[in-house]
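The block underneath contains the structure these notes are about, expressed in structure tokens.
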């Protein structure tokens, strides 16, 4: 089983961004997807760093892809999306708009924000050139198993959201800007102060979501410690780890050890919580009754809810 | 040309009421998880669908069948059967969101007209034209993230008809791309056709304070006597940093009646009303008012004003993303 690092969902200073990808050249991951997923207004701040990061990662033996935006509406965003195909690396489609700009015979990846819920959609994407598909995080293990089996027939690699705050929604409205009484066009980059998103609590103080500009994430960090063996057994070929500002290199190592059976089930979660005591973990989308749920033990066999 | 009014019908009675009230078109779904308003007691069995469509056709109205959830892996046949049945029942079009299902419909039911659901969140001309070229889509229901000028720009770049929401519930997130509901409850619009389901709502009153929870999360807390809105996730009262309030959206519903002339200038073909869960009298009243508005517009008469305010059940109204400052 391989590890993929998904695109950074947050807005980091360019130097932090560069250092993050420099660290990744030395970490035990196989695939790296980079570029701007959430908000096109952030891109100019680090766009010129992308070519160097790509070549360094490739030199370090990583397989590299560039993500599309999650929601393409403006003319400028359409142009950016069209230009992705010219960057010389695999494109990860996170809005079908990106697919419209790819040459017909071009292979591509599909990210978790494209709705691949069933075999029909998977087959159609494969017929268009999809070679890797990261499934939507809300899919239960029963669906993952069916899709992984279909993908094997099609020669498509299946990834599952392995770790990190879950991308739950994308909007035309910027919540960070709204929080500061601004509009999206005049956001003054309010999201830059929250390198892992801003916690959203319910009225009685219970952590619930996290805002990240136009994106809404889960408060909890998805963690597949208890599902790794199950995911491997149904044919999932890679876990996707989502960038976070602290302890990410260590996290990659822990997942590598857990996959290689150098860590027992449960020990990964223990390590993660020891590193940052204040975070909550979840794995409910895969094997629970609802997404925010956390299972303390590993399931024995394939189940669907 | 008169703008087309597209009305919701959650029941056969609502369909007949909408048709009699002057709906050009009615949209509805089968009573299962294939449609995005999969609520108990709502929607049509096969016989009701056939009879409803026949009634509408006798009165010169069209019927669109929404099959706009994302088929569950391993169970695609349920959704595929819904498409076949919609055609047999005489539907004028099906409203689809899933690429796999669009592909299936294109191959196996080529003569059945295909509309792209708002759940596909097709938000620019490139992807809309792609759906048209690939799946022969004739109309797109635009996601509620676009301003009127953006809608006009899309229409200038595509031959696909556009349909926009003008009244009713308002998604704050791009539709079809939100799993907040399943995060909190296990049930989602994409997979189950429900958002913030009533089965997971809990009201509790304590010392004059009413809490409304969804899946255990406190969404609203109001004093006794204050209006208690339904605990829809994205319209709840939350806190972040130093601030508290309706961080995503206020408990508002969409009313774009005043924008109808601008939407017509923007090249919009059809105006869609949300609310398959609404009563037949509500549907009839909304239809009558919107029909009056588009007829007046077509005849060059002034638009009737403020006609729908009392239908909002005391809720505040918004024009949503149609005005750019909403963002």
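Residue numbers (my numbering), protein chains in the order written: chain C, 55 to 359; chain A, 21 to 347. Just so you know, even glycine gets a beta-carbon here, dropped at the ideal spot from N, CA and C.
Neighbour list for residue i in chain A, Cβ cutoff strictly below 7 angstroms
| i | result |
| --- | --- |
| residue 227(C) | 192, 346 and 347 |
| residue 309(C) | Neighbours of residue 309(C) on chain A: none; closest Cβ ~22 angstroms, over 7 angstroms. |
| residue 360(C) | For residue 360(C) there is no data in the structure shown, the boundaries of chain C being 55 and 359. |
| residue 262(C) | 237 and 258 |
| residue 252(C) | 260 and 261 |
| residue 238(C) | 347 |
Assigned exposure category for residue i - 16 Cβ within 10 Å defines buried
| i | result |
| --- | --- |
| residue 14(A) | Absent from the structure is residue 14(A), since the part of chain A shown begins at 21 and ends at 347. |
| residue 318(C) | exposed |
| residue 269(C) | buried |
| residue 211(A) | buried |
| residue 351(C) | exposed |
| residue 62(C) | buried |
| residue 289(A) | buried |
| residue 140(A) | buried |
| residue 212(C) | buried |
| residue 298(C) | buried |
| residue 124(A) | buried |
| residue 236(A) | exposed |
| residue 171(C) | buried |
| residue 160(C) | exposed |
| residue 37(A) | buried |
| residue 349(A) | This structure leaves residue 349(A) out entirely; chain A is present only between 21 and 347. |
| residue 265(A) | exposed |
| residue 95(C) | buried |
| residue 155(C) | buried |
| residue 109(C) | exposed |
| residue 336(C) | buried |
| residue 309(C) | buried |
Cross-strand partners of residue i (DSSP beta bridge)
| i | result |
| --- | --- |
| residue 275(A) | 187(A) |
| residue 78(C) | Answer by DSSP bridge pairing: none, since residue 78(C) is not bridged. |
| residue 265(C) | 252(C) and 270(C) |
| residue 360(C) | Because residue 360(C) is not part of the residues shown, which for chain C are 55 to 359, the question remains open. |
| residue 136(A) | 116(A) and 160(A) |
| residue 337(A) | 273(A) |
| residue 293(A) | 187(A) |
| residue 47(A) | 28(A) and 84(A) |
| residue 225(C) | 193(A) |
| residue 87(C) | 119(C) |
| residue 188(C) | 213(C) |
| residue 58(C) | 85(C) and 294(C) |
| residue 277(C) | 217(C) |
Within chain C, the residues that residue i reaches when beta carbons sit closer than 8 angstroms
| i | result |
| --- | --- |
| residue 215(A) | Simply none; closest approach about 11 angstroms. |
| residue 246(A) | Here the premise fails: no neighbours, minimum Cβ distance about 14 angstroms. |
| residue 200(A) | 222, 223, 263 and 270 |
| residue 156(A) | Here the premise fails: no neighbours, minimum Cβ distance about 14 angstroms. |
Beta-carbon proximity of residue i to residue j, cut-off 8 angstroms
| i | j | result |
| --- | --- | --- |
| residue 228(A) | residue 240(A) | no |
| residue 110(A) | residue 71(A) | no |
| residue 65(C) | residue 243(C) | yes |
| residue 120(A) | residue 91(A) | yes |
| residue 198(C) | residue 288(C) | yes |
| residue 234(A) | residue 204(A) | yes |
| residue 291(A) | residue 339(A) | no |
| residue 194(A) | residue 165(A) | yes |
| residue 142(C) | residue 121(C) | no |
| residue 156(A) | residue 57(A) | no |
| residue 293(A) | residue 22(A) | no |
| residue 230(C) | residue 263(C) | no |
| residue 186(A) | residue 276(A) | yes |
Contacts that residue i makes with chain A (C-beta to C-beta distance below 9 angstroms)
| i | result |
| --- | --- |
| residue 172(C) | 90, 91, 92, 93, 94, 95, 96, 99, 118, 120 and 121 |
| residue 257(C) | 231, 238, 239, 240, 241, 256, 257, 258, 259 and 264 |
| residue 130(C) | Chain A residues near residue 130(C): none, gap ~11 angstroms exceeds 9 angstroms. |
| residue 192(C) | 199, 202, 203, 208, 210 and 211 |
| residue 296(C) | Neighbours of residue 296(C) on chain A: none; closest Cβ ~15 angstroms, over 9 angstroms. |
Residues that residue i contacts on chain C, provided the C-beta gap is smaller than 9 angstroms
| i | result |
| --- | --- |
| residue 205(A) | 343, 344 and 345 |
| residue 166(A) | 127 and 226 |
| residue 170(A) | 127 and 128 |
Neighbour list for residue i in chain A, Cβ cutoff strictly below 8 angstroms
| i | result |
| --- | --- |
| residue 348(C) | Within chain A, no residue comes near residue 348(C); the closest Cβ sits about 12 angstroms away, beyond 8 angstroms. |
Cross-chain neighbours of residue i in chain C, by beta carbon under 7 angstroms
| i | result |
| --- | --- |
| residue 144(A) | 126, 127, 132 and 151 |
| residue 147(A) | 150, 151 and 154 |
| residue 295(A) | Neighbours of residue 295(A) on chain C: none; closest Cβ ~22 angstroms, over 7 angstroms. |
| residue 50(A) | Chain C residues near residue 50(A): none, gap ~18 angstroms exceeds 7 angstroms. |
*Unbroken alpha helix (DSSP H) runs of length 4 or more, entirely within the stretch 181-242 of chain A: which are they?*
200-205 and 209-212
*What are the uninterrupted segments assigned as beta strand (DSSP E) that are 3 or more residues long and contained completely in the stretch 287-346 of chain C, given in chain order?*
292-295
*alpha helix (DSSP H) runs wholly inside the stretch 89-147 of chain C, at least 4 long, in chain order*: 104-113 and 129-137
*Please go through the stretch 159-186 of chain C and give each complete alpha helix (DSSP H) segment of 4 or more residues, from N-terminal end onward.*
Counting whole runs of 4 or more residues, the stretch 159-186 of chain C contains the alpha helix (DSSP H) stretches 173-182.
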